[in-house]
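Participant:
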Amino acid sequence: MKTKPRVVVGLSGGVDSSVAAHLLIEQGYEVIGMFMKNWHDESVTISNECPWMEDSTDAMLVAEKLGIPFQAIDLSEEYRERIVDYMFDEYKAGRTPNPDILCNREIKFDIFLKAAEKLKADFVATGHYCQKGEIEVDGKPVYQLLAGADPNKDQSYFLCQLNQQQLSKALFPIGHLQKPEVRKIAKEQDFITADKKDSQGLCFIGKVRLPDFLQQQLKPKKGKIIQIPEELEVYQSQRIPADIPAEDWDTETLDAISLPLHYSADQGKVLGEHNGAHYFTVGQRKGLHVGGTGKPLFVIATDTRENIIYTGLGETHPGLLRNGLFVKNDQIHWIREDLTLAVGESARYKARIRYRQPLTWATLIRKENGLYVIFDEPQKGVASGQFVAWYDEEESIGSGTIF
822 MKTKPRVVVG
832 LSGGVDSSVA
842 AHLLIEQGYE
852 VIGMFMKNWH
862 DESVTISNEC
872 PWMEDSTDAM
882 LVAEKLGIPF
892 QAIDLSEEYR
902 ERIVDYMFDE
912 YKAGRTPNPD
922 ILCNREIKFD
932 IFLKAAEKLK
942 ADFVATGHYC
952 QKGEIEVDGK
962 PVYQLLAGAD
972 PNKDQSYFLC
982 QLNQQQLSKA
992 LFPIGHLQKP
1002 EVRKIAKEQD
1012 FITADKKDSQ
1022 GLCFIGKVRL
1032 PDFLQQQLKP
1042 KKGKIIQIPE
1052 ELEVYQSQRI
1062 PADIPAEDWD
1072 TETLDAISLP
1082 LHYSADQGKV
1092 LGEHNGAHYF
1102 TVGQRKGLHV
1112 GGTGKPLFVI
1122 ATDTRENIIY
1132 TGLGETHPGL
1142 LRNGLFVKND
1152 QIHWIREDLT
1162 LAVGESARYK
1172 ARIRYRQPLT
1182 WATLIRKENG
1192 LYVIFDEPQK
1202 GVASGQFVAW
1212 YDEEESIGSG
1222 TIF
């Protein structure tokens, strides 16, 4: 008969998951270490920057030191299908994917979780900087996804697509710690990973050269870079109605403020050439290679059909700033299902559209066609395909893919 609850830890070969495993042993769990191999193609990884073999070895050495069983699991086929193909499709369509959010939803808390359940595990654990809460609503347990205690490392945004079932099985052992504390514990335990640099690459692949990665499938294709003037008439229609609260706006006003604008080549002037609109994203300023503009030049839209990049001068260009965004019905996700907005309802939450962005107040308005998120302050670089996540203080309430 099993006495201790069994937990499978995703050992990535980094310091965070190493300490997570150690803390779980201290808390009395029966711990199994598992390394996920998600990638085979070495041609696009920067070879000396954490290739999977080195990570796998480090994970194994940590498991050995802790005296826990260890196994590696090859998820590269599922990863290619669910994450890599999705990335290519999104870039091809001129959208900006977030593979890390998808990786958590589809790989770590789905395929990996199922592999752990085959080992009769009660939980899976990761080295994410976030926390889990549990409350009771109508007599039933409801799980909360809470921000990590270290404000510089909070990773709750990357987990904003998890559901109640996934959260019920998840443990985040280091979420209450600051990063320096995690390193200190790793040093005390003499882990090989104690001083290892944090991985900056795609989720569990290692450091990947994204342009090289995209060019494998999306071939370079010369096109025009067009500068759009600030005085464009369409920007006038995006003005916020004075003295009318957002929840009282009609759908036409909400659409004008929240839907992405479509530009045409005759609205601006040609500044230069690019190698493929699908390599660029809204808000980007690097890689345009256009000089002599005075102010910095930002991408305000991409058209992958016509292969045109539209740009605007300076950080306050109206094409770079948006007061709202839209999420289609089938892309709305509530972590807290009990707080789901019905059609006609609205709520005030704080929201962010990218990792590490400070949370900012917004009004969420549910209409028949989907969810409108109207910000109190204009947001820079709202990109289709990215995720918006909304919070009540420290708690992540839900998220959605930006249309």
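With positions in the sequence shown counted from 1, the corresponding number in my numbering is that position plus 821.
Ideal placement from N, C-alpha and C gives every residue a C-beta, glycine not left out.
(1) Tell whether a beta-carbon distance below 8 Å holds between Gly-835 and Lys-953.
(2) Using the Cα positions of Asn-1128 and Gly-1140, report the straight-line distance between them to the nearest angstrom.
(3) What residue ranges within the stretch 906–972 form continuous alpha helix (DSSP H) runs of no fewer than 4 residues, ordered along the chain?
(4) So is Thr-1114 buried or exposed if we call it buried at 16+ other beta carbons inside 10 Å?
(5) Under the rule that 16 or more other beta-carbon atoms within 10 Å means buried, what is Thr-1132, buried or exposed?
(6) If Ile-904 sits next to Ile-932, beta carbons under 8 Å apart, how far is it from one beta carbon to the other, in whole angstroms?
(7) Express the C-alpha separation of Phe-1101 and Leu-1035 in angstroms, rounding to a whole number.
(8) If you follow the beta strand (DSSP E) that Arg-827 is part of, which residue opens it and which one closes it?
(9) List the DSSP bridge partners of Thr-1014.
(10) Could you tell me whether the Cβ of Glu-899 comes closer than 8 Å to any Cβ of chain C?
(11) Alpha carbon to alpha carbon, how far is His-1095 from Lys-1042? Give it in angstroms, no decimals.
(12) For Arg-926, which residues of its own chain have a beta-carbon under 6 Å away from its beta-carbon, when the five flanking residues on both sides are left out?
(13) Indicate the three-state DSSP secondary structure (helix, strand or coil) for Arg-1242 in the structure shown.
(14) Any idea if Pro-920 is buried or exposed, counting beta-carbon neighbours within 10 angstroms, 16 or more meaning buried?
(15) Once the 5 residues before and after Ala-1086 are set aside, which same chain residues still bring their CB inside 8 Å of it?
(16) Could you spell out where the alpha helix (DSSP H) holding Thr-1072 opens and where it closes?
(17) For Phe-1025, I'd like the list of residues in its chain whose CB is within less than 6 Å of its CB, leaving aside the five on either flank, ordered along the chain.
(18) So, are the CB atoms of Asp-837 and Ile-995 less than 8 Å apart?
(19) My parser needs the beta strand (DSSP E) runs of 3 or more residues fully inside the stretch 1135–1218; what are they?
(20) Tell me the rounded alpha-carbon separation between Cys-871 and Gln-986.
(21) Using DSSP with H/G/I as helix, E/B as strand and the rest coil, what is Lys-1090?
(22) With contact counted as at least three CB pairs below 8 Å, one residue from each stretch, are the stretch 946–962 and the stretch 1163–1170 in contact?
(23) What residue does the beta strand (DSSP E) around Asp-837 start on, and which one ends it?
(24) Just curious, the beta strand (DSSP E) that Leu-1118 is in, first and last residue?
(25) Could you have a look at Cys-871 and say whether DSSP puts it in helix, strand or coil?
(26) Count the other C-beta atoms from every protein chain shown that fall within 10 angstroms of the C-beta of Lys-825, then say buried if there are 16 or more, exposed otherwise.
(27) May I ask which residues mark the beginning and end of the beta strand (DSSP E) holding Val-852?
(28) Can we say the stretch 1145–1159 touches the stretch 1212–1220, given the rule of at least three CB pairs closer than 8 Å?
(29) Which residues in the same chain as Pro-1001 place their Cβ atom closer than 7 Å to its Cβ, once the five residues preceding and following it in sequence are excluded?
Facilitator: Based on what the coordinates show:
(1) Against the sequence shown, residue 835 aligns to sequence position 14. Against the sequence shown, residue 953 aligns to sequence position 132. No, they are not a contact pair.
(2) Along the sequence shown, one-based indexing puts residue 1128 at 307. Along the sequence shown, one-based indexing puts residue 1140 at 319. Their Cα atoms are separated by approximately 18 Å.
(3) 906–913, 920–924, 933–939
(4) As a position in the sequence shown, residue 1114 is number 293, starting the count at 1. Exposed.
(5) Here residue 1132 is taken as the residue at index 311 of the sequence shown, counted from 1. Buried: at least 16 other Cβ atoms inside 10 Å.
(6) Here residue 904 is taken as the residue at index 83 of the sequence shown, counted from 1. Here residue 932 is taken as the residue at index 111 of the sequence shown, counted from 1. Not a contact, Cβ separation roughly 11 Å.
(7) Numbered from 1 along the sequence shown, position 214 holds the residue referred to as residue 1035. Numbered from 1 along the sequence shown, position 280 holds the residue referred to as residue 1101. One C-alpha to the other measures close to 11 Å.
(8) Indexing the sequence shown from 1 puts residue 827 at position 6. Unbroken beta strand (DSSP E) run through Arg-827: 827–831.
(9) By 1-based counting over the sequence shown, the position of residue 1014 is 193. None; Thr-1014 has no bridge partner.
(10) Checking the listed chains, one finds no chain C in this structure; it contains a single protein chain.
(11) Taking the sequence shown and counting its residues from 1, one reaches residue 1042 at position 221. Taking the sequence shown and counting its residues from 1, one reaches residue 1095 at position 274. Distance between the alpha carbons of Lys-1042 and His-1095: 8 Å.
(12) The residue you call residue 926 lines up with position 105 of the sequence shown. Only Gln-982 meet the Cβ criterion.
(13) The structure shown has nothing for residue 1242, since the chain only spans 822 to 1224.
(14) Taking the first residue of the sequence shown as position 1, residue 920 is located at position 99. Per the 10 Å Cβ criterion, buried.
(15) Here residue 1086 refers to the residue found at position 265 when the sequence shown is read from its first residue. Hits under 8 Å: Lys-1045, Ile-1047, Glu-1127, Ile-1129.
(16) Indexing the sequence shown from 1 puts residue 1072 at position 251. Taken as a continuous stretch (DSSP letters only), the alpha helix (DSSP H) holding Thr-1072 covers 1072–1079.
(17) For this step, residue 1025 is matched to residue 204 along the sequence shown. At Phe-1025, the pLDDT of 45 sits below 50, so the modelled position is not reliable; the number obtained from the coordinates is stated separately. Closer than 6 Å at Cβ, skipping near neighbours: Met-857, Asn-859.
(18) Here residue 837 refers to the residue found at position 16 when the sequence shown is read from its first residue. Here residue 995 refers to the residue found at position 174 when the sequence shown is read from its first residue. Closer than 8 Å, so yes.
(19) 1142–1149, 1153–1155, 1167–1173, 1181–1188, 1191–1201, 1208–1213
(20) Here residue 871 corresponds to residue number 50 of the sequence shown, with the count starting at 1. Here residue 986 corresponds to residue number 165 of the sequence shown, with the count starting at 1. Its pLDDT being 46, under 50, Cys-871 is placed unreliably by the model, and the measurement read from it follows with that caveat. Near 32 Å, if we compare the C-alpha coordinates of Gln-986 and Cys-871.
(21) For this step, residue 1090 is matched to residue 269 along the sequence shown. Strand at Lys-1090.
(22) no
(23) Reading the sequence shown from its first residue, position 16 is the one you call residue 837. Segment 836–847 is the alpha helix (DSSP H) holding Asp-837; no beta strand (DSSP E) there.
(24) Numbered from 1 along the sequence shown, position 297 holds the residue referred to as residue 1118. 1118–1124 is the span of the beta strand (DSSP E), which, as asked, contains Leu-1118.
(25) Position 50 of the sequence shown, counted from the first residue, corresponds to residue 871. With a pLDDT of only 46 at Cys-871, under the threshold of 50, the placement of this residue in the model should not be trusted; the figure read from the coordinates follows. Residue state, collapsed to three classes: coil.
(26) Position 4 of the sequence shown holds residue 825. Exposed, by the Cβ-count rule.
(27) Within the sequence shown, the letter at position 31 stands for residue 852. Start and end: 851–858.
(28) yes
(29) Taking the sequence shown and counting its residues from 1, the one referred to as residue 1001 is at position 180. Here the set comprises nothing.
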